[in-house]
Amino acid sequence: MSEARKIVICGVGLIGGSFALAQKAAGVLANQALEVVGMGRSPATLDEALRRKVIDRVAANWQDALSGADLVFLAMPVGQMEAVMLDLLPHLDPRTLITDGGSTKQDVIAAAYRALGNKAGQFVPGHPIAGAEKSGVAAASGKLYQGKRVVLTPLPENAPDAVARVRATWEACGALVSELSAAAHDRTFAAVSHLPHLLAFTLVGEFARRADSEQLFGFAAGGFRDFTRIASSHPEMWRDICVANRAALIVEVDAYLAELLRVRVMLAAADGAALATMFSDARAARNAWLESIEPPGE
239 MSEARKIVIC GVGLIGGSFA LAQKAAGVLA NQALEVVGMG RSPATLDEAL RRKVIDRVAA
299 NWQDALSGAD LVFLAMPVGQ MEAVMLDLLP HLDPRTLITD GGSTKQDVIA AAYRALGNKA
359 GQFVPGHPIA GAEKSGVAAA SGKLYQGKRV VLTPLPENAP DAVARVRATW EACGALVSEL
419 SAAAHDRTFA AVSHLPHLLA FTLVGEFARR ADSEQLFGFA AGGFRDFTRI ASSHPEMWRD
479 ICVANRAALI VEVDAYLAEL LRVRVMLAAA DGAALATMFS DARAARNAWL ESIEPPGE
């Protein structure tokens, strides 16, 4: 049996809980003793995580949590990370690495530099591209990251071994690990993740404020459900993401508004040919994307 490991999960919800379960499963397969310790602001959530055996115990404080810890995974909304880093700093051993699951990276990295100072090299930023519209530890799954991408955005201060350790930890979850710069990450995910979430929340909210909202929701069916599925996501988390990445997100909103205006012109002109071309091109692009991400035979 290999040496026992200790992982601290701060924020034991969908992302943190799924990471914990995946690490437990990987530990069993590797015949490796593993202790998963939970930290967080909600005693009820931690108690539920303990009852569901997502974590092995709840730490009394950061000194307790970090004693002998190999890795800390920060899985709370990005707006909370700096305060948490400040709290854990006095008890951070040089051998302990920190990583995160935040959907924005430039703001989290800036927070790490402010909070951790000369220990910032122990923080290897990351972002698992996985999730679900449901939040909370009850939605956690040890299979959430299997076959999913995880993006690391290493710091210049990160030792190669530190990045390799975090990469191996994610690969043990079944994830496919890539690396990007923090700026490239935030531009990319403003387009492919943050904008779609903003649109889904906005559409549902606009319908809910209408005088005939009950009728609208009463007749809404599969298309509306599929398009707005992600509007059931965690509001606090997405508030923090949108504010943190607002510069890149505004660029994407403006591009989308310009495209909507182009479509409005087509509709006003009853230009069916232009609409058909746009729909056909979009369909082909989506089908090509699906084929690129789906394993053969599925």
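With this note's numbering, letter number 165 in the sequence shown gets 403, and the count goes up by one each step, no holes. Note that CB positions come from ideal geometry on N, CA and C, so glycine has one too.
What residue range does the alpha helix (DSSP H) around residue i cover?
i, result
"Ser416", "Element bounds for Ser416: not the alpha helix (DSSP H) but the beta strand (DSSP E), 414-417."
"Pro392", "Unbroken run through Pro392: none, as it is neither H nor E."
"Leu433", "433-447"
"Leu309", "No alpha helix (DSSP H) holds Leu309; the beta strand (DSSP E) holding it covers 309-312."
"Gln453", "451-457"
"Tyr383", "It is not in any alpha helix (DSSP H) - Tyr383 carries neither H nor E in the DSSP assignment."
"Cys480", "473-482"
"Thr407", "398-410"
"Ile238", "Since the displayed the chain opens at 239 and closes at 536, residue 238 lies outside it and no answer follows."
"Val322", "319-326"
"Thr426", "420-427"
"Leu304", "300-304"
"Asp464", "460-465"
Let me check understanding here. Comparing Cα to Cα, which of the options lies closest to residue i?
i, options, result
"Ser379", "Leu252, Leu312, Ala282", "Leu252"
"Asp338", "Gln360, Pro328, Pro332", "Gln360"
"Lys372", "Ser470, Asp285, Val316", "Ser470"
"Leu454", "Phe445, Gly461, Gly460", "Phe445"
"Asn356", "Ile247, Leu393, Gly364, Arg387", "Leu393"
"Ala282", "Val250, Val503, Gly460", "Val250"
"Ala406", "Leu259, Ala264, Val246, Gly255", "Ala264"
"His472", "Ser416, Leu436, Gln270, Tyr494", "Leu436"
"Arg467", "Pro434, Leu327, Asp478", "Pro434"
"Cys411", "Pro366, Asn396, Tyr351, Asp450", "Pro366"
The beta strand (DSSP E) spanning residue i covers which residue range?
i, result
"Leu513", "No beta strand (DSSP E) holds Leu513; the alpha helix (DSSP H) holding it covers 510-531."
"Ile336", "335-338"
"Gly276", "270-277"
"His365", "364-366"
Would you identify the three-state DSSP class for residue i, choosing helix, strand or coil?
i, result
"Ile293", "coil"
"Val246", "strand"
"Ser256", "helix"
"Glu536", "Since pLDDT at Glu536 reaches only 39, below the 50 mark, its modelled position is unreliable, and no value is offered."
Could you check whether residue j and residue i sit closer than 8 Å to each other, using their CB atoms as the reference points?
i, j, result
"Asp308", "Arg243", "yes"
"Ala353", "Glu320", "yes"
"Met323", "Ala303", "no"
"Ala413", "Lys386", "yes"
"Asp464", "Lys343", "no"
"Val388", "Gly369", "no"
"Cys248", "Val310", "yes"
"Leu335", "Val292", "no"
"His432", "Leu487", "yes"
"Val415", "Val362", "no"
Step through the CB atoms of chain B and report whether any lies within less than 8 Å of the CB of residue i.
i, result
"Gln360", "The displayed structure is made up of one protein chain only, and chain B is not part of it."
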